[in-house]
Amino acid sequence: MDPTRIALAAAQDSDRRAAASLLAARGATVVAQCSDLEALAEALHGAGADLALVDVALCPGRSERERLAKRLGLAVVPLEWLLPTPPG
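Just so we're aligned, residue 3 is where the sequence shown starts under our numbering, counting upward by one.
In structure tokens form, the structure reads like this:
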């Protein structure tokens with residue numbers, strides 16, 4: 003079975019690195035890493051992603067994520083579901 007191919011958009015470099023490491027540890031492949039949604043949409047042409055993990059800072063509302071999912075033709079999941087919440 004092929005690994006899940008994931009597109010990743012996060013405003014912070016540290017969040018992208020942490021998410022990419024966690025995904026690799028879980029057997030997923032990151033096919034696009036971007037810091038904004040326009041770059042993500044552009045990078046996905048031909049990338050063959052199965053879903054997109056998107057930083058809530060870039061796409062805060064559920065309805066916004068649903069619109070993005072329709073635009074990208076992918077399931078869009080909040081990145082925060084993957085990354086641990088920082089203490090404090």
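Quick reminder that beta carbons are idealized off the backbone N, C-alpha and C, glycines included.
Check: Beta-carbon separation (whole angstroms), Pro86 vs Val58, contact threshold 8 Å; Outcome: Contact doesn't hold; Cβ gap of about 14 Å is too wide.
Check: Contact test: Pro80 Cβ vs the ligand HEM heavy atom, cutoff 6 Å; Outcome: As for the ligand HEM, it is missing from this structure, which has no ligand bound.
Check: Rounded straight-line distance, which links the Cα of Ala43 to that of Leu74; Outcome: 6 Å
Check: Span of the beta strand (DSSP E), counted from its first residue to its last, around Ala54; Outcome: 53-56
Check: Distance between Val56 and Ala11 (C-alpha atoms, nearest Å); Outcome: 5 Å
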